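What follows is one structure encoded as structure tokens, with my remarks underneath.
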Amino acid sequence: MGAKAIAFVLALTGPLAAFPLELTPKWKAEVPGVSFHNHPALTRNFVLMTSRGEDTGAPDEADGLYIIDSSTGERVHIRTPNDAGGIALADMDGDRLPEVLVGCWDGSVYIYSIEAEISRPLRLDTGYIVASTPTVSDVDGDGRPEILAANSQGHLFCFEPDGSLLWRYEEPAAAWVLSTPAVADLDGDGSPEVVVGNGTPATEGSLYCFDARGRLLWKFPTEGQVLSSPAVGDLDGDGSPEISFGSWDHNLYCLGPDGTERWRFSTGGRISSSPALADVSPEEGTEIIFGSMDNTVHCLSSEGGEIWAFRTEGPVISSPAVADLDGDGRPEVVVGDTAGTVYVLSSSGVPLWKFKAESSILSSPAVGDADGDGNLEVVVPSREAVYCFEAPASGRVAWAKFHGDSWNTGFLFNAITYGQFSSRGFPGTWAPSIVPVRVPKLKLEPQALDFGRVAVGDTSLGNIEISNVGTDTLVVTGMIVGGPTADVSLTAPSGFGLLTDPPLRPWKLPPGEGRTVVLFFAPRRHGLHRAALQVSSNDPESPHSVPLTGIGVAPNLEPSAEALDFGDVQLGAHKDTSLSIYNRGNAPLEISRATLASGEAFELLDDIRGSTVPPGGGIGLRISFLPLRLGRFEDALIVRSNDPENPELSVPLTGTGVDTVPPTVECSPPPPGFKMASGQSFEVRITARDPSGIDSALFCYRLGGERKFTHRKMSGDTVFTATLSPTTRILHRGLELYIKVVDGAGNIWQSPHYTIAGKIAGKGIKRPGLTLRKKYQMISLPMYPEDPSPSAVLGDILGPYDDTKWRLFWWDPRKKTYTECPDVPPFVPGRGYWLITRDPKELYTGPGVSVPPDTFEVTLQPGWNMIGCPFAFPVGWNEVEGHETLLPELPRACTVVGGKYEFPDQYVLRPWQGYAIYNPTGRTVTIKFPPLEAGTPKPGSTSLLDLAEASGGWAVRIVAENDEVRDAYNFLGWMPEASDTWDRYERAELPPLPGFVSLYFDHRSWPDVPGLHTTDVRPAGRERYTWRFFVLAPEGKVRLSWRHTGLPEGLRGRIVDEGTGTWSELKPSGKYTFCSDGSVRAFKLVIEPSGPTPEGYRLSAFPNPFNSSVSIVAEVPEPGFELAVYDVRGRRVRTLARGVPPGRYVLSWDGRDDEGRPAGSGVYILRLGEVSCKLALIR
């Protein structure tokens, strides 16, 4: 059959992740339309693989055998008549070159001779599909290998090398065989037996056993098809082989050589995977590794117990290969799953590496040094490609490929020898022994060596007998004492060792002989020790190991803390802490000494010398820290004992001496009633002590009104003093003081604050300036007079009370009226009075006591109150506690501007000045003056004109005045946030003194803050407004003047004097004069929409004649005219309106002239421009 070269493709998928073990990709072979579904075989320089095309069971160009270069991946394709099956490699003709045996779906097995030119193959016909892999073995004992092949009708054939039939077995019932036969001497009679599985259409299956002549010896049924190929080997070391295979009934079976069940292991899925046999764990015997369709790779012991299981991404049909890939002496497991993932697992089932192929893996991996470079190759076919990887080393190969060896015998011994052959690079042709094999077998007794309890420092000896129970000479090549198992290295000295002198050389043991090896155990610590003696030899199952154990006996001292930190401890105090000394060993602990390294600041409170602590016990030791200075202290507790590992224990001790307690100070406060006096110094004396010393003692003081304290250092060591000589300023303002002591650690002791008043002698405190001549002024006293009666305070200056020379008034907030001296209350700080003098005078307080610089309380009754600044320095109103309760009210002072009284708001309250303040809350309010001098005030605007312009409202200011008094703070208007009753825009009207002018709005009917107000602000947005206000003034002329912010378009206003009926247009500014008779005069201010302009002048009056008043209707077509009343002689009697704008007006005349005098009975002329009418007044 001709060979056809196929184009070489090298492309790897992956990617490879970083794992503890890395396989290096070498090449990837793929052919479009080819399915690699069977198991590869390796030989020197080549990889052999079979394939089928896309149409299973039908001839296809892709069917056949691929011979792939193991170094480059280049390949040659040999086509088969139909889908190609499994491969066997064996020297069939004795030319020392292997032939390739390939099963085929045309019912044949083909034998190819691979030489320089590929010859026509020998065909062995079975008559039906050969899906099983052929097996080669010397079945009849003639020294030549026979071929075992099974077809899918359930028939088993045994052919001679020349193709002649030796025997065949036909299963009577319909069945098929996908399992590959295994060949081994099961009964020990020197003749091999053949075991193979099959399946039936009813999904049942069995394992069959035949003798060398093809006779059925026994049959083991299962509840599922047996597609798994059986593996044979002495698993438990009893000299008798066991048979392992899987079934679709989810079980892995282990049978004895006679077909009896030894055990079974149930999985979660069908088992098609053929088991691999290898020693991969420290347990006795040989393990079984296989995959299942439950997505798991299982590793079982020889007794059927699960050692480990590894979950895969997909079902596992692939049969594992087992080899030491990294040369560390421990085997790895290679297997694939149908998800296309290749896994390399450690001997304990831990994943070391994996690779993701592009398609599912149904085939089994093969391992061997195929290119002869000294490293193993791992070949894994997926359905669409063949992958070749190079391992990092070449170690022992335990199960190289599917069914263990190139003859596919499935026999453990053959797999071991084939593994040695494949790991050496396939040197020549491999064949299993056809005659009985002589094998050395190493045995170790005892299988575990326990040295028992040995004191640390002592040594104990033990013997291990090494014997050869095999059939060939045993060569022992090495012995080492390693970790607890042969494949685990020590992390600490084990204390075990070999007694060999001279050093151990390789030595031989003939069959049946033995030798004693002496080991020692010299523990270096207490507790359990573990190690293992590992023996290397020419035993195929080498190396062997014996676990070594022993217990070191010794005490072990362990403190409850590795270090003790006492933290911060106050000087002069101490802190005690307990430390426990435990014996964690297994012998009594004897404490010979417990001391401190230095002993500075630390002290042992217990003596534990000579104490014995039993194993597991403990003893307590109290330690005290007593710092005598500031700073950190370091010491160490030294404990000496019989602990061989730590005979002298040192526990660091640390602590910090701190001082967090303020110093102790003895300080006498100023005695009750103590007052400073002029010319008399006073001394402050204290006694202070502290463990860290006194850093400073300060005498801290400030005068009344001052915001900062002056700090004066006191003199002394333990007793400290400071002296102060009061000045006039100190005496007037008073003094606030406290003592501050700082110790060496920065802790502060501070006394309470003391306030001291000063004695004021002589004339006392002078009032700035002179009193005004015949002008009222508000006054108050900034101190406590010695005699607070008004006659005592003012009599020496102004003379006996004489209301022609001086008068004193006080507003009684309870009675809501003024009282005059001598009924006014005594002078006290914070109370205001009205004073008027005939002549300018200087005022003095006279002798008394200053107000101490402490918070000063003043109680305000509901309504008006008269107050004053209680201190001899000004105070800011915004700093008075409680002032916000009175808003929008502010204190008002009486000032004289241009010879006229005014009452502006005040933001700073000054000594000697009195003030009026309105309490709008309806309850008693206490305000508190701070002893702090005011800075420069920053008053805000209190003019409603400014507020109206800023907020979109409208306001008018009306001033009422005569020649002596001006009432200037009067506003009305509307604001967006105003209400019809009391709100933040409303202010109360100051109660007038006799002779004062007062303009007010009568709001005594309001539910909130009823009374007489100086403002009336309504809500914005109405079409019409009417305000009514009143003017109280002494007899004589009174002038009203106004200024407003400008009426919105479409509105007009007028001021109506209800006393005369006279009205005036409300221009942006204007004036009106009337004569007051000393009674209250009522006015109205009306805002209304501008009406249509009349076509001409019209005038009418009703009633006419009239007695007390007449109503007048006037229509004005143009601006600038006036309405007036004349007598019959043409003399003007009364002007009712001037400069009125066009419109219709309703006015009234009360029958009086411009001076307010009643007009006599008679006829009068009412004239408006060119129009007039007669009025008849009848008295």
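Add 42 to the 1-based position in the sequence shown for the working numbering, that's all there is to it. A virtual CB, placed ideally from N, CA and C, is assigned to each residue, including glycine. Here the structure is a predicted model, which is why all the values come from computation and not from measurement.
For residue i, the three-state DSSP class (helix, strand or coil)
i: P589; result: strand
i: N240; result: strand
i: G1051; result: Per the sequence shown, the amino acid found at residue 1051 is Val instead of Gly. Coil.
i: P832; result: helix
i: W549; result: strand
i: A12; result: With the chain covering only 43 through 1221, there is no way to say anything about residue 12.
i: E921; result: helix
i: I839; result: helix
i: L779; result: strand
i: E515; result: In the sequence under discussion, the amino acid at residue 515 is Thr, which differs from the Glu named in the question. The answer is coil: DSSP assigns T515 none of H, G, I, E or B.
i: T927; result: helix
i: L773; result: helix
i: G410; result: strand
i: H445; result: coil
i: R438; result: coil
Limits of the unbroken beta strand (DSSP E) element including residue i
i: P827; result: 825–827
i: R572; result: 569–579
i: Y1011; result: Counting along the chain, Y1011 falls outside any beta strand (DSSP E), and DSSP gives it neither H nor E.
i: K801; result: 796–802
i: M820; result: 819–821
Burial state of residue i (16 or more Cβ within 10 Å)
i: T978; result: exposed
i: F563; result: buried
i: F1144; result: exposed
i: V559; result: buried
i: W218; result: buried
i: D184; result: exposed
i: T66; result: exposed
i: P62; result: exposed
i: A992; result: exposed
i: V339; result: buried
i: D413; result: buried
i: F716; result: exposed
i: I109; result: buried
i: R1209; result: buried
i: A534; result: Below a pLDDT of 50, predicted positions are generally treated as unreliable, and A534, at 38, falls in that range; the measurement from the model is reported next regardless. Burial call: exposed.
i: G699; result: buried
i: A1124; result: exposed
Identity of the residues DSSP links to residue i by a beta bridge
i: H1086; result: V998
i: I1220; result: DSSP lists no partner for I1220.
i: W852; result: T861
i: L164; result: I153
i: H197; result: E212
i: C936; result: Looking at the DSSP assignment, C936 forms no beta bridge with any residue, so it has no partner.
i: K755; result: L740
i: K617; result: F667
i: L249; result: G239, F262
i: L90; result: A83, I109
Presumed contact (8 angstroms Cβ cut-off) between residue i and residue j, rounded CB distance
i: G95; j: A104; result: 4 angstroms
i: A639; j: A678; result: 4 angstroms
i: E975; j: G747; result: 3 angstroms
i: L570; j: I506; result: Not a contact, Cβ separation roughly 20 angstroms.
i: G410; j: L418; result: 6 angstroms
i: D1009; j: L1041; result: 5 angstroms
i: V1128; j: G1095; result: 6 angstroms
i: Q948; j: L932; result: 7 angstroms
Terminal residues of the alpha helix (DSSP H) in which residue i lies
i: T380; result: From DSSP, T380 is part of no alpha helix (DSSP H); its letter is neither H nor E.
i: Y13; result: Residue 13 is absent from the model: the chain starts at 43 and stops at 1221.
i: D988; result: 986–993
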